[in-house]
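Quick notes on the structure that follows.
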Amino acid sequence: MTERELLKGKKRIVIKIGSSSLTHPETGNMNLLKIEQLVRIICDLKGEGREVVLVSSGAMAAGRQTLGIQKRPGTLTEKQAYSAIGQARLMMVYQRIFSEYNCIAAQVLLTKSTMTHDDSRYNAQNTFDELLKLGAVPVVNENDTVATHEIQFGDNDRLSAIVAALIGADLLILLSDIDGLYTDDPHRNPEAGFIHLVPEITKELLEMGKDSAGSDVGTGGMAAKLAAARIATDSGSDMVIANAADVSIVHDILCGEEKGTLFLAHPNQDFDLMNYINYRY
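The opening position of the sequence shown corresponds to residue -4 in this note's numbering, with each subsequent residue numbered one higher.
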C-alpha cells in the first residue's frame, strides 16, 4: 500500500483553511458557496465515521464585510475590533450551514497563553475530546480580540499544527492558495519543480520556505506552512498542503489521490509541544 493509499484510513483529521480561500478576491467578502461546499464535505467525512476539526481564518475579513470597510485595518486595536465583529458573523454562517446537514458546529477560540500553561492546555485538550465524542465539529480560530503581538501564534498554519498535536490527529490538511511545495516560488520562477512527497523535513527544506504572504486577507506564507509541517510530523501526524481553489480536493486526498504535497509523519520520541509553541523558525 502506498503512502497516499494510507490516507484513506485516517480517522481524526484537522483541516485548516485560510482567509484568502474563504473570500472573494475582488471584494474580500465571504465566499458563501465555498464555505457551504467545505461544510458539506466535512459532514460527509463525519458520515464515514471520521472525526474532523476545522481551523478557520476569516474573522477579520468577515468583520470588514460587516462594517463595509474595504481596506485592511492598520492598528492592533482595529484588528481586534474587526475580529470581534467578524468572529460572531463567521460562526453564525458556519452554524447555519452545518445545521442544514444535521451537524453541530462548536466554537473554540485559543490563545498562545492558553497553550503555554499546563492546566489550560489540559482543559483545552479535554474540551476537544468531549466535543468530538459528542459528534460536534470544533471550529477553531485564534482569539484575536485578546491576543497581542507577544502572545500570538503568528498564523493559523502553526495553530492548526498545534491543535493536531494536542488532540493526537493522524492527518492535517492545510488548504491554501498554492498547489503545494515547490523547489522555488512558482509565481516568480516558471521552472520551479513541484514536490509531491516529503519523507522528512530537513534544515535545507526549512530554509527553502520564503515568507511570501502577498494576499490582502491572509497572513501565512510557505515558511509558516513548513513550520506547521515540522510540528505535525514530529507529533506523529501526516500533513498535506493542497490548493483550496476546489475544496473537494479534501475528498480526493482521503481517497488516496496524489493531490498536493504529502509530508510523512516521523514521530519524534522527544516531542514536547511546548518547545514547538515557543520556537521561532
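Beta carbons are placed, not taken as given, at the ideal position from N, Cα and C, and that holds for glycine.
Contact check, residue i vs residue j, beta carbons under 8 Å
i      : j      : result
Val134 : Tyr89  : yes
Gly245 : Ser155 : In the sequence on display, residue 245 carries Val and not Gly. No, the pair does not count as a contact, with Cβ atoms beyond the cut-off.
Gly175 : Thr228 : no
Leu221 : Leu201 : yes
Val132 : Phe93  : yes
Ala219 : Asp152 : yes
Leu71  : Ala101 : no
Leu104 : Asn136 : yes
Ile226 : Ala160 : yes
Lys74  : Met55  : yes
Ala119 : Thr109 : yes
Proximal residues to residue i (C-beta, below 6 Å), its chain only, five neighbours per side dropped
i       : result
Arg(-1) : Gly251, Glu253
Gly209  : Bear in mind that a pLDDT of 45 at Gly209, under 50, signals an unreliable position, so the number given afterwards is only what the model happens to contain. Once the five neighbours on either side are set aside, Gly209 has no close Cβ partner at all.
Gly53   : Ser14, Leu17, Leu85
As assigned by DSSP and simplified to three states, the class of residue i
i      : result
Thr22  : coil
Lys6   : coil
Ala187 : coil
Phe266 : coil
Thr178 : coil
Ile168 : strand
Leu192 : strand
Asp150 : coil
Ile244 : helix
Asp139 : coil
Met234 : strand
Thr256 : strand
Ile157 : helix
Ile226 : helix
Ile30  : helix
Ile173 : coil
Span separating the alpha-carbon of residue i from that of residue j
i      : j      : result
Lys198 : Ser15  : 29 Å
Ile162 : Thr178 : 31 Å
Gly23  : Val242 : 18 Å
Gln264 : Gly231 : 10 Å
Asn121 : Asp114 : 11 Å
Gly188 : Leu1   : 25 Å
Ile99  : Val34  : 11 Å
Arg59  : His182 : 28 Å
Asn138 : Asp124 : 20 Å
Leu166 : His191 : 16 Å
Asn238 : Ile173 : 5 Å
Leu129 : Glu186 : 48 Å
Ile12  : Ala164 : 17 Å
Asp180 : Lys41  : 36 Å
Ala76  : Asp150 : 18 Å
Arg116 : Thr106 : 10 Å
Ala79  : Asn97  : 27 Å
Gly216 : Gly44  : 33 Å
Pro262 : Glu95  : 38 Å
Cβ neighbours of residue i in the same chain (closer than 7 Å, five flanking residues each side left out)
i      : result
Ala57  : Met25, Gly81, Arg84, Leu85
Ile36  : Val242, Ser243, Val245, His246
Asp211 : Low confidence applies here, because Asp211 scores a pLDDT of 42, under 50, leaving its location unreliable; read the following figure in that light. For Asp211, where only same-chain residues beyond five positions count, the Cβ hits under 7 Å are Gly23, Arg67.
Cut-off 8 Å between Cβ atoms - residues of its own chain near residue i, not counting five sequence neighbours on either side
i      : result
Lys3   : Leu249, Cys250, Gly251
Glu46  : Lys6, Arg7, Ile8, Leu127
Leu32  : Checking the displayed sequence, the identity of residue 32 turns out to be Gln instead of Leu. Within the same chain, Gln32 has close Cβ partners Val242, Ser243.
Ala224 : Ala156, Val193, Ile196, Met234, Ile236, Phe258
>> Threshold first: 4 residues or longer. Then list the alpha helix (DSSP H) segments lying entirely within the region 37 to 124, N to C.
In response: 54 to 62, 71 to 95, 107 to 111
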